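Participant: Chains as they are written, first to last, in our numbering: chain E, 218 to 543; chain U, 32 to 267; chain X, 98 to 399. Think of the CB as a built atom: it goes at the ideal place given N, C-alpha and C, for glycine as much as any other residue. Bear in mind that the values here come from a model prediction, so they are computed numbers and not experimental data. Sharing a structure, written as structure tokens. Questions coming.
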Amino acid sequence: MTAVAVNSRAADLWRSTPVRVLKVLFLIGLLIAVPPLIDSPYITRIFVSAVMLGVLAAIFDLMIGYAGLINFGYAGFTAVGAYTAALGTFHYGVSPWAGLLTGGLATAFIGLVTGVISLRLRGLYVALLTFFVGEAIRFSISNAPEFTRGMLGLSVRPFPELLGIDFGRGNLLAYYYLLLLLAAAIMLLLNWLVRSRYGLAFEAIREDQLATQSLGLNTTKYKLYNFTIASFLAGVMGAFYAYYLGILSPSPEEFGVYRTVEILTITYVGGRGTLWGSLFAAFLLIGLQEYFRSIGPWRLVIYGSLLIFVMLFARRGLSSFKKYLW
Amino acid sequence: MGLEVKNIVAGYTREVPILNGVNLVAKDGQVTVILGPNGAGKSTLLKTIYGYLTPQAGEVFHDGKRIENLKPNQMLREGIAYLLQGHSIFPRMTVEENLELGGWIMRDDEKRMKAALQQVYERFPRLKEKRSFLAGILSGGEQRMLEIARLTMTEPRTILLDEPSVGLMPSLVDEVYEEIRKLKEARYTILMVDQNVRKSMSIADYVYALALGENRYEGPKAEMEQRLDDIVREWI
Amino acid sequence: MDLSLLLDPYILTEVLVQGSVRGAMYALMAAGLSLIFGIMGVNNFSHGELFMLGTYVMFFVTVILGWPWPLGIALAAAVLFFFGMFLERTLIDTLRRKAGRDWVLDAFILTIGMLVVMQNLALISFGSERRGVTGLISGVLVWGPVIVSYERLMILGVASAVGLALWAFIRFSSLGKAIRAASQNPEAAQTLGINIRSIYTITFGIGAGLAGLAGGLLISIYPAYPTVGFEPVIKSLACVILGGLGNVPGAILAAMLLGIIEAYSAFFMSAGWQNVITAGLVVLILIVRPSGLFSSSKVERA
């Protein structure tokens with residue numbers, strides 16, 4: 218057989234369904250097995266960050282990649298989830314498990330309201346509006362220290378014991394696996410959503426809103442669905458973050474535009490409209506960040522340069538490589 | 032002399048050429064009209080001549096000089112002016128400012144600019160009346176007038192007209208064609224595309240009919256007028 | 098809180114004066130952003146970093162080199178003018194040629210990347226200490242109950258002069274007319290011999306130069322440090338949105354309004370809440386009148 222024939226045979230095999238299943242299982246296996254095997258809190262924290270930011274980026278992708286909506290106040294939205302959950306526990310003794318839900322619901326509400334007021338606006342203005350909404354949220358939290366403790370910091374109780382698993386601050390792995398479960402649920406939901414008729418509607422709206430409207434599709438309804446669901450999920454992640462981190466403060470790096478830019482970069486580098494690309498990009502970027510941690514601000518220069526590079530030369534991000542690996 | 036197009040192959044994407052080897056000569060001082068059904072490539076041809084599209088093959092000559100690789104903003108210096116399809120006035124600038132911009136390439140030559148403005152105002156007294164008005168509030172016909180007047184500021188030799196009568200009421204179409212007739216009398220070389228077959232034929236010296244991006248028929252006006260019915264029937 | 102204070106004439110006078118100075122500051126910051134936004138449609142989110150670089154140039158020229166401060170301001174403007182043209186030609190122009198329909202949104206994201214790179218390169222190169230000057234000119238003017246420093250008056254004066262010069266340039270110079278033409282109908286402008294690419298590059302340069310000028314002029318209020326651009330870009334964005342798309346005079350008016358509102362609220366609440374008010378105003382305008390307060394046209398926003 219010629220070399221070419223062998224190569225294309227191998228390529229076909231590489232792309233076949235059983236092999237793909239194996240690839241997925243392999244990656245899941247890595248996610249599950251690596252942190253306990255390496256048994257280093259430092260590495261586990263990195264994995265937590267990567268998964269969390271990856272999922273947040275995937276949710277962001279639902280908005281920008283599928284409906285063309287830029288939520289430039291995204292970090293502020295996660296702050297709503299985080300603070301609703303934390304304050305509920307702090308002031309009213311709400312259980313952290315319920316806090317995940319309340320965080321999600323509160324953020325969904327904010328998302329719905331923001332969605333409604335942004336209906337008349339075009340892409341760029343949605344970005345600007347959400348930017349100011351996000352910053353307004355953050356500033357409001359800062360300026361009400363009697364209730365939120367503002368920049369002084371709000372301490373958050375960890376999850377209480379569940380099914381015999383101890384969620385004290387020392388047991389990082391418990392948090393990691395809890396996160397993996399949340400992440401799996403969210404990713405599967407997102408995946409189902411974009412493959413459903415909702416996803417079709419989202420993409421149609423992204424491509425040409427006017428045409429979609431003229432086809433009789435209620436673009437308002439679908440834009441609001443998209444935004445509200447994304448906000449809910451982001452709020453849940455925000456709530457998890459609160460309980461995981463243990464202490465919250467509304468600084469720009471945590472809940473301001475810098476965080477939004479970080480997540481946005483992950484989404485763009487992973488490839489808009491791909492969902493899973495965000496996870497890969499998150500691991501890539503968090504990995505790079507840790508590797509270059511010693512060189513401080515240079516890692517942010519790399520982030521920014523990557524974003525510029527992607528916008529100019531690799532508009533579909535990492536997903537351009539998908540054809541080689543998947 | 033005049034404009035010569037040889038074997039132009041051009042399109043918006045490489046795979047789908049709209050023009051498949053078009054040939055054309057627009058003789059000096061004459062009105063050459065391009066007819067054809069929709070999609071025949073008439074506007075594409077004008078855009079390629081003017082440099083908005085780069086041809087995949089073929090050449091364009093103006094007064095003997097090859098111009099197919101020049102950009103639109105170099106065309107005026109070659110003496111070719113282009114009337115864009117649709118609105119091309121600057122709505123939030125005055126009539127006079129619009130005209131001044133027509134003379135952009137000679138903006139450093141104050142004398143020449145003044146003379147050109149004066150000449151335009153003589154030819155188009157209605158524009159002189161409204162010189163300080165914002166162009167956007169002029170009527171449709173007046174705006175078209177302004178566009179044509181603006182074209183003449185630099186005294187180009189050749190004028191490309193892309194659908195000059197589109198979107199205008201019949202009475203205004205007559206006015207516009209009156210202006211084109213005056214341009215013809217002033218010995219400009221005119222290459223024109225227009226949906227209004229009857230009107231454009233009335234003013235033509237030579238006519239080309241395109242179909243599917245290729246030359247189909249051509250001939251002097253008288254000859255083409257007789258065959259017009261047959262030609263148009265083909266389009267349907 | 099004593100409600101009668103709200104209408105106290107002394108407070109109102111003070112507010113008017115301080116508010117005008119603030120407004121002039123914001124107007125100068127916003128002018129560059131509004132110009133670029135209006136002519137090119139690009140919302141340059143790295144505008145604050147251009148301001149920041151202006152502060153560094155000013156610091157370098159006046160403190161390190163010891164040259165007179167008017168020269169510092171001029172150099173800040175000039176350096177940023179050329180740097181802005183460089184950025185436009187290498188980055189934004191490239192994006193425009195590659196991206197399709199949605200290039201405006203993509204340009205916004207691109208400028209975010211530029212922001213991150215510029216800010217952190219500044220951090221690496223210069224460190225995070227604030228480098229400023231206490232004042233360019235000293236002394237205060239006492240006018241009845243109102244005390245204004247000469248410095249702030251000078252800022253008001255220079256900002257007004259620059260605003261006037263910008264207006265005259267856009268309105269009367271041939272380049273200014275070409276820039277306006279390019280924003281109203283780029284295709285038509287091109288057929289008249291105007292090189293649109295060059296227009297965009299120069300416009301961006303002018304916008305950047307204005308940001309640099311602002312950074313130089315306001316050095317005593319905004320010293321040079323890597324993240325100093327955050328507030329200017331937020332204020333500028335607010336003014337541009339409040340004033341209306343591409344409406345440079347509108348943005349300037351909005352700036353004055355914002356300055357006065359902020360000065361007024363500074364009397365009654367802590368500084369932190371002013372940002373919430375600014376943000377709230379922007380959100381309100383976007384809901385109620387997206388085309389901006391001073392825009393005559395009903396710009397299509399949805």
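Measuring CA to CA, which of Arg108(U), Leu66(U), Leu148(U) is closest to Tyr248(U)?
Facilitator: That would be Leu66(U), whose Cα lies nearest to the Cα of Tyr248(U).
Participant: Evaluate Val114(X) with the Cβ neighbour count: other Cβ atoms within 10 Å of its Cβ, from every protein chain shown; 16 or more gives buried, anything less gives exposed.
Facilitator: Val114(X) is buried by the Cβ-count criterion.
Participant: Using a Cβ-Cβ cut-off of less than 8 Å, give me the residues of the segment 278-306 of chain X that come near chain U, in sequence order.
Facilitator: Listed by position, the residues of the segment 278-306 of chain X near chain U (Cβ gap below 8 Å) are Ala278, Gln281, Asn282, Glu284, Ala285, Ala286, Gln287, Thr288, Leu289, Gly290, Ile291, Asn292, Ile293.
Participant: Beta-carbon of Gly521(E) versus every beta-carbon of chain X: anything under 7 Å?
Facilitator: Chain X contact via Cβ: present.
Participant: Let me check understanding here. Comparing Cα to Cα, which of Leu417(E), Val343(E), Ala400(E) lies closest to Ile245(E)?
Facilitator: It is Ala400(E).
Participant: Roughly how many angstroms lie between the CA atoms of Gly244(U) and Ser74(U), to the nearest whole one?
Facilitator: Going by the C-alpha atoms only, they are around 11 Å apart.
Participant: According to the neighbour-count rule (16 or more other Cβ atoms, all chains shown, within 10 Å of its Cβ), is Phe376(E) buried or exposed?
Facilitator: Buried, by the Cβ-count rule.
Participant: Whole angstroms are fine: how far does the CA of Val330(X) sit from the CA of Phe301(X)?
Facilitator: Distance between the alpha carbons of Phe301(X) and Val330(X) is about 16 Å.
Participant: Residues of chain X with a CB under 7 Å from the CB of Leu259(U): which are they?
Facilitator: Here the premise fails: no neighbours, minimum Cβ distance about 31 Å.
Participant: Rounded to whole angstroms, what is the Cα-Cα separation between Gly306(X) and Met182(X)?
Facilitator: Cα to Cα, the separation comes out at about 9 Å.
Participant: Give a yes or no on whether 7 Å exceeds the smallest Cβ distance from Trp200(X) to chain E.
Facilitator: It does not; no Cβ of chain E falls within 7 Å.
Participant: List, in chain order, every chain X residue whose beta-carbon is nearer than 7 Å to that of Pro103(U).
Facilitator: Simply Gln287, Thr288.
Participant: In angstroms with no decimal places, state the Cα-to-Cα distance between Thr152(X) and Ile316(X).
Facilitator: Those two C-alpha atoms are separated by around 6 Å.
Participant: Taking the beta carbon of Glu254(U) as the centre, do at least 16 other beta carbons fall within 10 Å, making it buried, or is it exposed?
Facilitator: Exposed, since its Cβ has fewer than 16 Cβ neighbours within 10 Å.
Participant: According to DSSP, is Glu226(X) helix, strand or coil?
Facilitator: DSSP places Glu226(X) in coil when its eight states are reduced to three.
Participant: Does the beta carbon of Phe121(U) sit closer than 7 Å to a beta carbon anywhere in chain X?
Facilitator: Interface residue, yes.
Participant: Distance, Cα to Cα, Ala128(X) vs Val345(X)?
Facilitator: The straight-line gap from Cα to Cα measures roughly 6 Å.
Participant: So that I know if they touch, is there some Cβ in chain X lying closer than 7 Å to that of Ala456(E)?
Facilitator: Answer no: the Cβ-Cβ gap between Ala456(E) and chain X never drops below 7 Å.
Participant: What residues from chain X crowd round Pro514(E), counting only those whose CB sits closer than 7 Å?
Facilitator: Here the neighbours are Asn217, Leu220, Ile221.
Participant: Would a check of beta-carbon distances place Tyr113(U) closer than 7 Å to chain X?
Facilitator: Tyr113(U) counts as touching chain X.
Participant: If I follow the unbroken beta strand (DSSP E) through Ser246(X), where does it start and stop?
Facilitator: Start and end: 243-246.
Participant: For Asn38(U), which beta-bridge partners are listed by DSSP?
Facilitator: Asn38(U) pairs with nothing; no bridge assigned.
Participant: Could you confirm whether any beta carbon from chain X is found closer than 7 Å to the beta carbon of Glu128(U)?
Facilitator: Chain X, which has a Cβ nearer than 7 Å to the Cβ of Glu128(U), makes this yes.
Participant: Mapping DSSP to helix, strand and coil, what is Pro251(U)?
Facilitator: DSSP places Pro251(U) in strand when its eight states are reduced to three.
Participant: Excluding sequence positions up to five away, which residues of its chain have a Cβ less than 7 Å from the Cβ of Gly169(X)?
Facilitator: Only Met155, Val158, Thr159, Gly313 meet the Cβ criterion.
Participant: Relative to the C-alpha of Leu496(E), which candidate in Ser511(E), Gln506(E), Ile480(E), Gly367(E) has its C-alpha closest?
Facilitator: The option with the nearest alpha carbon to Leu496(E) is Ile480(E).
Participant: Please classify Glu99(U) as buried or exposed, where buried requires at least 16 other C-beta atoms within 10 Å of its C-beta.
Facilitator: With 16 or more Cβ atoms within 10 Å of its Cβ, Glu99(U) is classed as buried.
Participant: Alpha carbon to alpha carbon, how far is Val330(E) from Leu395(E)?
Facilitator: Cα to Cα, Val330(E) sits roughly 30 Å from Leu395(E).
Participant: For Ile327(E), which option in Trp314(E), Ala296(E), Leu406(E), Ile255(E) has the closest C-alpha, if you only look at C-alpha atoms?
Facilitator: Answer by Cα proximity: Ala296(E).
Participant: Anything in the segment 228-262 of chain U with a Cβ closer than 7 Å to a Cβ of chain X? List those residues in chain order, please.
Facilitator: Within the segment 228-262 of chain U, no residue qualifies.
Participant: Under 7 Å Cβ-Cβ, which residues of chain X neighbour Val478(E)?
Facilitator: Under the 7 Å cutoff, chain X gives Ile209, Val213.
Participant: Could you check what DSSP says for Trp240(X) in three-state terms: helix, strand or coil?
Facilitator: Looking at Trp240(X) - three-state DSSP - the assignment turns out to be strand.
Participant: For Val396(X), would you say it is in contact with chain U, using Cβ-to-Cβ distances shorter than 7 Å as the test?
Facilitator: At Val396(X) the pLDDT is 47, less than 50, meaning the model places this residue with poor confidence; the figure from the coordinates comes in the next sentence. Val396(X) does not count as touching chain U.
Participant: Could you tell me which residues DSSP puts in a beta bridge with Ser372(E)?
Facilitator: According to DSSP, Ser372(E) bridges with Ile464(E).
Participant: Below 9 Å between beta carbons is the criterion; list the residues of the segment 226-257 of chain E that meet it against any residue of chain X, in chain order.
Facilitator: Residues: none.
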